[in-house]
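> So the sequences go chain by chain: A and B. In case it helps, my numbering puts the first sequence at residues 27 to 284. In case it helps, my numbering puts the second sequence at residues 44 to 468. No residue lacks a Cβ here, since even glycine has one placed at the ideal position from N, Cα and C. Computed from a predicted model, the values in this text were never measured in an experiment. This is the structure I have questions about; it appears just below.
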Amino acid sequence: MTAAVFFGCTFIAFGPAIALFLFTIAREPLRVIFLIAGAFFWLVSLLLASLVWFISVQISNKDSASQQKGLLIFGVVLSVLLQETFRFAYYKLLKKANEGLLALSQEETMPISIRQLAYVSGLGFGFMSGAFSVVNILADSVGPGTVGIHGDSQHYFLSSAFMTMAIILLHMFWGVVFFDACEKQRWWALAAVVTSHLVVSCLTFQNPEYVASLVPTYIILFLMGVWAFYTAGGSLRNLKLCLTCKDKDFLLANHRPR
Amino acid sequence: MNTSDSDEDAYNERTALVQSESPVVPSYRPDPGPGPAEESKGAGISRRSRPGVDGGESDQEVDAEEEELPLKYGAKHVIMLFIPVTLCMVVVVATIKSVSFYSEKTNQQLIYTPFTEDTQNVGRRLLNSVLNTIIMISVIVVMTILLVVLYKYRCYRFIHGWLILSSLMLLFWFSFMYLGEVFKTYNVAVDYPTVAMIIWNFGAVGMICIHWKGPLQLQQAYLILISALMALVFIKYLPEWSAWVILGAISIYDLVAVLSPKGPLRMLVETAQERNEPIFPALIYSSAMMWTVGMASSTDAQRSETDEEAEQNDRRAEPRSQQPRAVSEDELEEERGVKLGLGDFIFYSVLVGKAAATGGDWNTTIACFVAILIGLCLTLLLLAIFKKALPALPISITFGLIFYFSTDFLVQPFMDNLANHQFYI
């Protein structure tokens, strides 16, 4: 039970993200650096949110359970807003850094495009968010025993893993859409990203009713995925060419016969 | 990255934003000396070398045009240091989490930290840890100055003997202890002759690789392993609060020793530069070929560079394999890469290992890990801009300490509460 649950949940939660990392990011040093910097920004946002929550808990009534729950909900909402704020701050920093790098390197073109940066930073946020949400749970799942003896849900580990996978992929999609919205000054798209993040977090307040929280989350994941795909320049035609191995540009780049 | 037409073979020079020249002198710090005999657990030697990340000066081969490039290192060099630092931390964290020996509290302490932390009184404990730190730092300062004096007066044999003795101790004695503890943890019964053969082979090959010649990757692996072993010894034998105060104090010392004009490490760097000699290989991790004999590593590097060029010029369909290969061999001789001292590895791993050892929480460990990597990235950025030997400890350790304490006290309760209710942010 224990090792199987551990490996299963780890691969469910991190499988897609690690695959994305290995196939698209690991070979490019610049992308790896920006991924880790994105993770760092997420961490700082979490730190600030925890600080505010901690102070509010200290000055509140610690015995009242409902008040504590209310403060926790406040903490979640604040954390989401801070994460998006830091995403915006990272965008601003990347724009400045890109200009600086371009000036310093005397190249004609930027070493990394803003779309790649959007993808990489979104994935960085996702990795860190996923890691902080689920690593402790995974570490506990290795040990003997299981969940649910006192009436709690038995599907705790599994649902955590699925939720984490959704959150990591969502962060990536949010990153792509967010940066594109900032580039083209489409503030409604920005608001939509923030709103969907809030909706996903608030859906988890219904846990342990996993159907009510996981199903809408996956619907939102799918919709955001489609939106991000179109934002990044994809289309049905591209998709068809890619899947039937007829995309000439891609083949040329990889030295394969047409 | 698109390169200009004439430069597709010169990946290093143009596409890496900047050229990679040979780092002539990395700054470093020596160990405080061979372990004293009184120390029953033999943890006296600290292989704390160099707290300096250094780039190098230009060789004669570099022409004037390349010197105008304002940044010295590219992203590739950052990754070449991320990987070994990550590996060292992974080894330390994996050991701490599985072998309980290194996180057990023991009454034995290093001779350098004589004051105990067993008291109930908070003030007294703080005072003891500060005193421990002062003693430890003074030992390090004295040993550094001794090493600089020896180097200045060209007592190379003494220094070599000292280094050989300390690496002997690490490679044989500490790894024997480590192996013993791993066997105890997994309840594996191994006979002495087998262990003797394993340790003999491990140690002998290590001595040859580190002090003489060997394949670059094997040398790098051994340096990572001995840094991890040293970090584990520190994690075990330094008392709790003393460890944190020592980490803070040593980054301040690093800053002073490398940057101030009369700092011992700066004098060491300058002396080595004047004499145009590299610093001893046993104390520095080098990320590119320097002392290798065979061309095995260079052909691998060639192949990877050819792949990178192929990716970048995606419009060109003609075969690119022949053209870069002839030229990059020469460039590889020039490409030295970045150097990082072993002391940096050790103290980064001590910080992350201590975060892993205290409390069963993984969030703190991950936070410290990311903080240290970002600090290293910033340090390398500064190195690329300023082009002289820089201390690698201050920024990373500062970030690491800030994130350790804040994650432990602030983020941890928040995430625990969220996990209890299964709320997701």
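Can you tell which of B/233, B/187, B/398 has the C-alpha that lies nearest to the C-alpha of residue 307 of chain B?
Residue B/187 is the option with its Cα nearest to residue 307 of chain B.
> Does the distance from the CB of residue 189 of chain A to the CB of residue 149 of chain A come in under 7 angstroms?
No. Outside cutoff.
> If you reduce the DSSP assignment to three classes, tell me which class residue 467 of chain B lands in.
If DSSP states are grouped into helix, strand and coil, residue 467 of chain B belongs with coil.
> Do residue 65 of chain A and residue 136 of chain A count as a contact pair if the criterion is CB distance below 7 angstroms?
The answer is no: Cβ separation not under 7 angstroms.
> Can you name the residues of chain A whose CB is closer than 9 angstroms to the CB of residue 387 of chain B?
Neighbours of residue 387 of chain B on chain A: none; closest Cβ ~18 angstroms, over 9 angstroms.
> Establish whether the CB of residue 448 of chain B and some CB of chain A are separated by less than 7 angstroms.
Output row for residue 448 of chain B: interface = no.
> Going by C-alpha distance, which of B/144, B/426, B/155 is nearest residue 118 of chain B?
Residue 118 of chain B has its Cα closest to that of B/426, out of B/144, B/426, B/155.
> When the Cα of residue 99 of chain A is compared with those of A/227, A/268, A/258, A/48, which residue comes out closest?
When only C-alpha atoms are compared, the closest one is A/227.
> Contact between the stretch 212 to 230 of chain A and the stretch 60 to 78 of chain A: three or more CB pairs below 8 angstroms?
Segments in contact, no.
> Run through DSSP, which three-state label would residue 382 of chain B get?
In the structure shown, residue 382 of chain B sits in a strand (DSSP, three-state: E or B).
> Tell me, please, which residues DSSP counts as bridged to residue 391 of chain B.
None; residue 391 of chain B has no bridge partner.
> Are the C-beta atoms of residue 202 of chain A and some chain B residue less than 7 angstroms apart?
For residue 202 of chain A, the answer is no, since every Cβ of chain B falls outside 7 angstroms of its Cβ.
> For the alpha helix (DSSP H) holding residue 90 of chain A, just list the boundary residues, first then last.
Where residue 90 of chain A is concerned, there is no enclosing alpha helix (DSSP H), given that its DSSP letter is neither H nor E.
> Can you find at least 3 beta carbon pairs, one from the stretch 120 to 135 of chain B and one from the stretch 381 to 397 of chain B, that sit closer than 8 angstroms?
Yes: at least three Cβ pairs fall under 8 angstroms.
> Who are the near neighbours of residue 452 of chain B in its chain, counting only those whose CB is closer than 8 angstroms to its CB and skipping five residues on each side?
Here the set comprises nothing.
> Thinking C-beta only, is residue 176 of chain B closer than 7 angstroms to residue 168 of chain B?
Contact flag unset, no.
> Just the chain A side, please: which residues come within less than 7 angstroms of residue 219 of chain B by C-beta, in chain order?
Chain A residues near residue 219 of chain B: none, gap ~29 angstroms exceeds 7 angstroms.
> Quick one: give me the first and last residue of the alpha helix (DSSP H) that residue 199 of chain B is part of.
That run of the alpha helix (DSSP H) goes 199 to 211.
> If you follow the alpha helix (DSSP H) that residue 175 of chain A is part of, which residue opens it and which one closes it?
Segment: none, residue 175 of chain A is in no alpha helix (DSSP H) and carries neither H nor E.
> What's the gap between the Cα of residue 326 of chain B and the Cα of residue 385 of chain B?
In a straight line, the C-alpha of residue 326 of chain B is about 6 angstroms away from that of residue 385 of chain B.
> Could you give the DSSP three-state label for residue 85 of chain A: helix, strand or coil?
The answer is coil: DSSP assigns residue 85 of chain A none of H, G, I, E or B.
> For a contact defined as C-beta to C-beta under 9 angstroms, what are the partners of residue 58 of chain A on chain B?
118, 121, 122, 125, listed in chain order.
> With DSSP run on the structure shown, which of helix, strand or coil describes residue 196 of chain B?
Correct three-state label for residue 196 of chain B: coil.
> Beta-carbon within less than 7 angstroms of residue 292 of chain B's beta-carbon, same chain only, minus the 5 sequence neighbours each way: which residues are those?
Cβ within range, chain order: 176, 180.
> Can you pull the chain B residues whose beta carbon is under 9 angstroms from the beta carbon of residue 42 of chain A, in chain order?
By Cβ distance, chain B contributes nothing, its closest Cβ being about 17 angstroms from residue 42 of chain A, past 9 angstroms.
> Pick out whichever of B/432, B/398, B/458, B/158 has its Cα sitting closest to the Cα of residue 140 of chain B.
For residue 140 of chain B, the nearest C-alpha among the options comes from B/398.
> Given a cut-off of 7 angstroms, decide if residue 146 of chain A and residue 61 of chain A are closer than it, judged by their beta-carbon atoms.
Yes; because the gap between Cβ atoms is below 7 angstroms, this pair is in contact.
> Can you have a look at residue 37 of chain A and say buried or exposed, based on whether 16 or more other CB atoms are within 10 angstroms of its CB?
It counts as exposed.
> From what residue to what residue does the beta strand (DSSP E) around residue 329 of chain B run?
Start and end: 327 to 329.
> Could you please give me the residues that DSSP links to residue 120 of chain A through a beta bridge?
DSSP lists no partner for residue 120 of chain A.
> 7 angstroms is my cut-off, CB to CB: does residue 87 of chain A come that close to chain B?
Taking Cβ atoms only, chain B never reaches closer than 7 angstroms to residue 87 of chain A, which makes this a no.
> Considering only C-alpha positions, which residue in the set B/435, B/123, B/124 is nearest to residue 299 of chain B?
For the residues B/435, B/123, B/124, the minimum Cα distance to residue 299 of chain B belongs to B/435.
> Taking the C-alpha atoms as reference points, what is the distance between residue 276 of chain A and residue 270 of chain A?
Approximately 12 angstroms, taken between the alpha carbons.
> Straight-line CA distance for residue 227 of chain B to residue 380 of chain B?
The straight-line gap from Cα to Cα measures roughly 40 angstroms.
> Please determine, among B/404, B/447, B/459, B/383, the residue with the shortest C-alpha to C-alpha distance to residue 413 of chain B.
Nearest C-alpha to residue 413 of chain B: B/447.
> Is the Cβ-Cβ distance between residue 382 of chain B and residue 329 of chain B less than 7 angstroms?
In contact: residue 382 of chain B and residue 329 of chain B (Cβ atoms closer than 7 angstroms).
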